[in-house]
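What follows is a single structure, written as structure tokens, with notes after it.
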Amino acid sequence: SDSQKKKDEL
Amino acid sequence: MNIFRLTGDLSHLAAIIILLLKIWKSRSCAGISGKSQILFAMVFTTRYLDLLTAYISLYNTSMKIIYIGCSYATVYLIYAKFKATYDGNHDTFRVEFLVVPVGGLSFLVNHDFSPLEILWTFSIYLEAVAILPQLFMISKTGEAETITTHYLFFLGLYRALYLINWVWRFYFEGFFDMIAIVAGVVQTILYCDFFYLYVTKVLKGKKLSLPA
């Protein structure tokens, strides 16, 4: 799912 | 990156620095829940393990290191350096009632059953409830130092700004993470009572004391 988008948030 | 996430991160950083300076300068952690600070150190440790595996940006890496460093320094000041001023009699929230359910839930509801992802999920769920021991302690002592209320205000504001950031990212990037959003909503709701008291009392120069 698009939540797999690289975890770029702190 | 958008203005809401940047402001949110700076608000979070401000909260962490305010608390650290308050304890360091006053050489006292009276009114501060050591349990909440241990939970925050756990949140950062389990969430930022990707420091070892992924490089996103200098900003991302440096903020993570600052968050981890300051949170451990705060725990050290509370439980070691200024241990004599730690108010253990009022910091009595049963954190196992938070860590165990959150740990179980992170195994049941996650995006991917991999160690790093489960630890990330655990940190998201834990962060949502990590402030409860602190709020509980304030309800037990019936008051909070004004500097402590500023710490709580910026800490609560940071995740509220992240909620707006997620609306922004959904609208402009089609990106959303349901786990982070739901936990962020819960986390922000837990501050509502405090926000009300902060705005109606502290911002009017009064001391924050309960019952309101």
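Chains as they are written, first to last, in the working numbering: chain P, 212 to 221; chain Z, 971 to 1182. No residue lacks a Cβ here, since even glycine has one placed at the ideal position from N, Cα and C. From a predicted model like this one, the values you see are computed outputs, not experimental measurements.
- Query: Who are the near neighbours of E1113(Z) in its chain, counting only those whose CB is closer than 6 Å to its CB and skipping five residues on each side?
  - Reply: Counting only Cβ-Cβ distances below 6 Å, and skipping sequence neighbours, we find S1179.
Counting only beta-carbon atoms, is R1129(Z) nearer than 8 Å to chain P?
Output row for R1129(Z): interface = no.
In terms of residue numbering, what span does the alpha helix (DSSP H) encompassing L1131(Z) cover?
Per DSSP, the continuous alpha helix (DSSP H) segment holding L1131(Z) begins and ends at 1116 to 1143.
Point to revise | E220(P) - DSSP class collapsed to helix/strand/coil | key: In the structure shown, E220(P) sits in coil (DSSP, three-state: anything other than H, G, I, E or B).
Q: Identify the contact partners of N1030(Z) in chain P, using a Cβ-Cβ distance below 8 Å as the criterion.
A: For N1030(Z), the chain P residues whose C-beta falls within less than 8 Å of its own C-beta are D219, L221, listed in chain order.
Query - Euclidean distance between Cα positions of M1012(Z) and S1093(Z) - result: Their backbone Cα atoms lie some 7 Å apart in a straight line.
**Asked** With 16 as the cutoff for other CB atoms within 10 Å, does G1058(Z) come out buried or exposed?
**Response** Classification for G1058(Z): exposed.
ask   = What does I1026(Z) touch in chain P if you count any residue whose Cβ is under 9 Å from its own?
value = Within chain P, the residues whose beta carbon sits less than 9 Å from that of I1026(Z) are K217, K218, D219, listed in sequence order.
| If we cut at 8 Å on Cβ distances, does K992(Z) have a partner in chain P? | Under the Cβ distance rule, K992(Z) does not count among the residues neighbouring chain P, no pair being separated by less than 8 Å.
### Any chain P beta carbon closer than 8 Å to W1138(Z)
Under the Cβ criterion of 8 Å, W1138(Z) is not counted among the residues facing chain P.
Item checked: chain P contact for R1064(Z) (CB, 8 Å cutoff) -> Closer than 8 Å to the CB of R1064(Z) there is not a single CB belonging to chain P.
Nearest by alpha-carbon distance to V1037(Z): which of L1022(Z), Y1018(Z), S1027(Z) is it?
Here residue 1037(Z) turns out to be Tyr, not Val, going by the sequence shown. Taking the Cα of Y1037(Z) as reference, the smallest distance to any Cα among L1022(Z), Y1018(Z), S1027(Z) is reached at Y1018(Z).
Within a Cβ cutoff of 7 Å, which residues of the same chain sit near R997(Z), ignoring the five residues on either side of it in sequence? Contacts found: F1052.
Chain P beta carbons: is any one of them nearer than 8 Å to that of K1034(Z)?
It does: the Cβ of K1034(Z) has a partner Cβ on chain P nearer than 8 Å.
**Prompt:** Excluding the five sequence neighbours on either side, which residues of its own chain have a C-beta within less than 7 Å of the C-beta of S1006(Z), listed in chain order?
**Reply:** Sequence-distant partners of S1006(Z) (beyond 5 residues in either direction) whose C-beta falls short of 7 Å from its own C-beta, in its chain, are A1100, I1101, P1103, Q1104.
Compare the beta carbon distance of T1119(Z) and Y1168(Z) with 8 Å and say whether it is the shorter of the two.
-> Taking 8 Å as the cut-off, the beta carbon of T1119(Z) is found closer than this to the beta carbon of Y1168(Z).
Exercise. Give the residues of chain P in contact with D1061(Z), contact being defined as C-beta atoms less than 7 Å apart.
Key: What D1061(Z) touches in chain P: nothing, since even the nearest Cβ is about 27 Å away.
Checklist line | Status (buried if at least 16 other CB within 10 Å, exposed otherwise) for S1032(Z) | finding: The residue in question, S1032(Z), is exposed, as its Cβ has fewer than 16 Cβ neighbours within 10 Å.
In DSSP terms, what S1179(Z) is bridged to:
Its beta-bridge partners are E1113(Z).
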